[in-house]
Amino acid sequence: MLEDTASLSTLPTLPKSLTGIDGLDEITEGGLPKGRPTLVCGSAGCGKTLMAIEFLVRGILDYNEPGVLMTFEETAAELSANVASLGFDLPQMQADKLLRLDHVHVDRSEIEETGEYDLEGLFIRLGYAIDSIGAKRVVLDTVEALFSGFPNEAVLRSEIRRLFRWLKDKGVTTIITAERGEGTLTRQGLEEYVSDCVILLDNRVIDQITTRRLRIVKYRGSTHGTNEYPYLITEEGFSVLPITSLNLQHEVSNDIVSSGVVALDEMFGRGGFYRGSSVLITGTAGTAKTTLSAAFAAAACRRGEKCLMFVFEESPKQLVRNMRSVGLDLQPFLDQGLLYIEASRPTLNGLERHLVTVHKLIGKHKPQTVVIDPITNLISVGSLSEVRSMLTRLIDYLKVNGITALFTALTSPRNGQSEMTEEGVSSLVDTWINVRDLEGVGERNRGLSILKSRGMGHSNQVREFLVTDNGIQLLDVIIGPGGIVTGAGRLTQELQEQAQAVVRQQELIRKDRELERKRRVLEATIANLRTEFESVEEELRQINDEEATRREALHKGRQHIANLSIGRIATPPDDQP
Amino acid sequence: MEKETWELRLYVAGQTAKSVTALNNLQKYCERYLKGRYQLEVIDLLKNPQLAEGDQILAIPTLVRKVPSPIRRIIGDLSNQERVLVGLDIRPLESPEQ
């Protein structure tokens, strides 16, 4: 009992073999079941063979696991030529004894059946190929071709069952491809023999647009992503794009990059966008979305960064000419190789293909900044939900790579916001700038506001802006009696304010002069008073003197009279007091 | 054509019942219809697995007629005489019995 619990806790998880295919390892949570067969089924042209070959090639290149490719349909030379465009050099790998190609030619007309037989020859061939290079991976490309060659189905079925059992015993990780049948996964019902892992590839055409999707139908002994995942066949091979398996764990940056318009930068709390964030500019037609995005691209180039612009409305030359008219010369950046403009009509490719192009060019140019103008045009080639899912993948891809991205989106003037931006990407982007027409009495003006800006404060004002010969200029906000005033109203308001200012200034000067006059009057009065005071003082002094003289004279007179009264008339009055 | 020497190869995998039956049957037909103008080579793939690829062998046993051309393959234990003769393009007219 104790041993049982101990063995339970150390129970090994199902060993898996990494495929090395973009995204597939994520949704299978570590690859295909190691040492077991996996069935890959799908209709014609959905990339079964390619996926299988990439599984082998990645095994050889990345995981040092030699592989055997047994093909029942194409010859070795044809296959090598087909995958050479993906950069897979099969002949070289064969020469290095890492890969063995064995083309099994099955032709009913050459085979006459007389009596009992089995497919031991196939086993011997495969066994020899595996043993000769020590292969860990095996691909059987469309084993169903055997059904066309051998008339005895009962023998064939039992032999195929034995083959899969035998491969399992051999311990090689195998991919078996099979054509999809009507109502069943495979035409010959191979899924009943392969019970470990079944992957279904689907090539769907809806409204003339092809979308490729991959689904893991079953994966015994393991959890796995259960959704349908879009996948691409690119110049670099097979690529599954699992949206939901991305864990939003990309690195973030605290760097700030300029929007290319100084006044717009000032509207953001930290003076621009975060590096690696995604910015959406929405607006109705003719609200200078492209100009704003070009300004952003030019700012990136001026910092010496590489920028990639995808334009779906104009040719590169037209864009350069038009931007020159607003004082934005993109030509030098193009010449320096900092700016790359990829222009195409959205209808040129399906959505998937657009995503491929974006991926490819990003991989090639390694830009720090990407501009897509406008994303709404993509709706013409896909349904809303498909475009949304594509953009989700695109934005995730850009974020994971730390690329600052700017998208523009056209909104319908009727309801202000199109569904595209409301339900679509607006929740995915970090910064959302809205430009719109401010239509007043007899004129249209452009207004710009920030709807959201994750991770920093932003201005709440609707700013009017002008597209001038020197680029975009944001004007100061003028509040009139009825709210924000724009255009001609703004000019009137400004003129009025100027006139008022002049009047106020003149009033001030007049007041100053009056004060000066009053001061002078008062000073004169003060001087007068002082003179008056002086004369009064003088008069007082004179009265005092007279009084003193008079009092002395009186005293002398009294003395004299006193002397006379006591008979000493002869005595002068001043001898005795 | 009668002068031409027939080159036949029989691919087997070990001494299985089917292989032994096939070889016995083949030798019987050859002695009867191609006496003196055939070469029979028996290849055991268990000993020489690398030879399987060259002649596109899948089923065991397989009889391959290399000469005269075109190459023909007959799979099975060769128990059905008529089909073997048709498959190898041996004309029943030449048969001494009929």
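Chains as they are written, first to last, in the numbering used here: chain A, 1 to 577; chain B, 578 to 675. Ideal Cβ placement from N, Cα and C applies to all residues, glycine included. Note that the structure is a prediction, hence the values are computed from the model and not measured.
Beta-carbon contacts of R275(A) that lie in its chain and below 6 Å, excluding the five residues immediately before and after | Indexing the first sequence from 1 puts residue 275(A) at position 275. Answer for R275(A): S253, D255, V257, T404, listed in chain order.
Classify C301(A) as buried or exposed, calling it buried when 16 or more other Cβ atoms lie within 10 Å of its own Cβ.
-> Walking along the first sequence from the start, residue 301(A) turns up at place 301. C301(A) is buried by the Cβ-count criterion.
According to DSSP, is H103(A) helix, strand or coil?
-> Along the first sequence, one-based indexing puts residue 103(A) at 103. If DSSP states are grouped into helix, strand and coil, H103(A) belongs with the strands.
How many Å lie between G31(A) and D25(A) at the Cα?
-> Looking up residue 31(A) in the first sequence gives position 31. Looking up residue 25(A) in the first sequence gives position 25. Computed Cα separation, rounded: 5 Å.
If S259(A) and F273(A) are in contact, beta carbons under 8 Å, what's the gap, nearest whole angstrom?
-> Walking along the first sequence from the start, residue 259(A) turns up at place 259. Walking along the first sequence from the start, residue 273(A) turns up at place 273. That pair is a contact at about 6 Å.
Compute the beta-carbon to beta-carbon distance between V589(B) and D621(B), rounded to the nearest angstrom, for a pair I have assumed lies under 8 Å.
-> Locating residue 589(B) in the second sequence gives position 12, counting from the first residue. Locating residue 621(B) in the second sequence gives position 44, counting from the first residue. Sure, about 6 Å apart at Cβ, within 8 Å.
Would you call the stretch 394 to 411 of chain A and the stretch 440 to 447 of chain A in contact, with 3 or more CB pairs under 8 Å?
-> no
Tell me where the alpha helix (DSSP H) around K136(A) begins and ends.
-> Taking the first sequence and counting its residues from 1, the one referred to as residue 136(A) is at position 136. It is not in any alpha helix (DSSP H) - K136(A) carries neither H nor E in the DSSP assignment.
Element boundaries [alpha helix (DSSP H), containing K97(A)] | As a working note, residue 97(A) is residue 97 in the first sequence. Unbroken run through K97(A): none, as it is neither H nor E.
Return the residues of the stretch 618 to 642 of chain B that lie within a Cβ-Cβ distance of less than 8 Å from chain A, sorted by chain order.
-> L622, L623, P626, Q627, A629, E630, Q633, I634, L635, A636, I637, P638, T639
Chain A contact for Y588(B) (CB, 8 Å cutoff) = Translated into positions along the second sequence, residue 588(B) becomes position 11. Judged by the 8 Å Cβ criterion, Y588(B) is in contact with chain A.
Inspect the beta-carbon positions of M456(A) and F268(A) and report whether they are closer than 8 Å.
-> By 1-based counting over the first sequence, the position of residue 456(A) is 456. By 1-based counting over the first sequence, the position of residue 268(A) is 268. Yes, these two residues count as a Cβ contact at 8 Å.
Go ahead and pull the three-state DSSP assignment for D196(A).
-> Within the first sequence, residue 196(A) is the residue found at index 196, counting from 1. In the structure shown, D196(A) sits in coil (DSSP, three-state: anything other than H, G, I, E or B).
Cα-Cα, which of A84(A), M70(A), R446(A) is closest to A145(A)?
-> Here residue 145(A) refers to the residue found at position 145 of the first sequence. Cα-wise, what sits closest to A145(A) is M70(A).
Check G121(A) in the structure and name its three-state DSSP category.
-> Looking up residue 121(A) in the first sequence gives position 121. Note: G121(A) maps to helix in three-state DSSP.
So does the stretch 494 to 502 of chain A actually touch the stretch 316 to 333 of chain A, counting three or more Cβ pairs closer than 8 Å?
-> no
Using a Cβ-Cβ cut-off of less than 8 Å, list which residues of the stretch 100 to 118 of chain A approach chain B; keep chain order.
-> D102, V104, H105, V106, E110, I111, E112, E113, T114, G115, E116, Y117, D118
Who are the neighbours of L122(A) on chain B, taking C-beta pairs under 7 Å?
-> On the first sequence, residue 122(A) is found 122 positions in, with the first residue counted as 1. Chain B residues near L122(A): L635.
Quick one: what's got a C-beta closer than 7 Å to A288(A)'s C-beta in the same chain, skipping five residues either side?
-> Numbered from 1 along the first sequence, position 288 holds the residue referred to as residue 288(A). Closer than 7 Å at Cβ, skipping near neighbours: V435, R446, V467, I472.
Own chain partners of L167(A) with C-beta closer than 6 Å, once the 5 adjacent residues on each side are dropped | Taking the first residue of the first sequence as position 1, residue 167(A) is located at position 167. Closer than 6 Å at the Cβ level, and outside the excluded window around L167(A), lie P37, T174.
Going by DSSP, what residues sit across from F465(A) in a beta bridge?
-> Taking the first sequence and counting its residues from 1, the one referred to as residue 465(A) is at position 465. The partner list for F465(A) (beta bridge, DSSP) reads R446(A), L474(A).
Alpha carbon to alpha carbon, how far is E78(A) from L90(A)?
-> Along the first sequence, read from residue 1 onward, the residue named residue 78(A) stands at position 78. Along the first sequence, read from residue 1 onward, the residue named residue 90(A) stands at position 90. Going from the Cα of E78(A) to the Cα of L90(A) covers about 11 Å.
Determine the chain B residues that contact G127(A) at a beta-carbon separation under 9 Å, and present them in chain order.
-> Within the first sequence, numbered from 1, the residue matching residue 127(A) stands at position 127. Near G127(A) (Cβ distances below 9 Å), the residues of chain B are P626.
Going by other Cβ atoms of all chains shown within 10 Å of its Cβ, with 16 needed for buried, is V83(A) buried or exposed?
-> Position 83 of the first sequence, counted from the start, is the residue given in the question as residue 83(A). Buried is the call here.
Around the C-beta of S453(A), are 16 or more other C-beta atoms found within 10 angstroms, so that it is buried, or is it exposed?
-> Stepping through the first sequence from its first residue, residue 453(A) is reached at position 453. Result: buried.
Nearest-angstrom beta carbon gap, I206(A) and K170(A) [assumed within contact, 8 Å] = By one-based count along the first sequence, residue 170(A) stands at place 170. By one-based count along the first sequence, residue 206(A) stands at place 206. With 8 Å as the limit, K170(A) and I206(A) do not qualify as a contact, their Cβ atoms being about 42 Å apart.
Test item: CB-CB of L655(B) and L119(A) under 8 Å | Taking the second sequence and counting its residues from 1, one reaches residue 655(B) at position 78. Taking the first sequence and counting its residues from 1, one reaches residue 119(A) at position 119. No, Cβ-Cβ distance for L655(B) and L119(A) is not below 8 Å.
Any chance you could list the beta strand (DSSP E) runs of at least 3 consecutive residues sitting entirely within the stretch 137 to 189 of chain A, in chain order?
-> 137 to 141, 173 to 179
Spatial distance of S315(A) from P346(A) (CA atoms) | As a working note, residue 315(A) is residue 315 in the first sequence. As a working note, residue 346(A) is residue 346 in the first sequence. S315(A) and P346(A): Cα-Cα distance of roughly 13 Å.
May I have the straight-line CA-CA distance separating Q580(A) from L61(A), to the nearest angstrom?
-> Since the first residue of chain A shown is 1 and the last is 577, residue 580(A) is not available in this structure.
Let me know if H105(A) comes out buried or exposed under the rule of 16 or more other beta-carbons within 10 Å of its beta-carbon.
-> What you label residue 105(A) is simply residue 105 of the first sequence in a count that begins at 1. Exposed.
Is the shortest distance between the beta-carbon of M1(A) and the beta-carbons of chain B less than 8 Å?
-> Position 1 of the first sequence, counted from the first residue, corresponds to residue 1(A). Its pLDDT being 41, under 50, M1(A) is placed unreliably in this model, and the value from its coordinates should be taken loosely. For M1(A), the answer is no, since every Cβ of chain B falls outside 8 Å of its Cβ.
Beta-carbon neighbours of S656(B), restricted to chain A and to distances below 8 Å | On the second sequence, residue 656(B) is found 79 positions in, with the first residue counted as 1. T114, G115, E116, listed in chain order.
Does DSSP put S258(A) in a helix, a strand or coil?
-> For the purposes of this step, residue 258(A) is identified with residue 258 of the first sequence, where counting begins at 1. Residue state, collapsed to three classes: coil.
Pick out whichever of T75(A), Y397(A), F296(A), D196(A) has its Cα sitting closest to the Cα of E251(A).
-> As a first step, residue 251(A) must be located in the first sequence, where it is residue number 251. Closest option to E251(A), Cα to Cα, is Y397(A).
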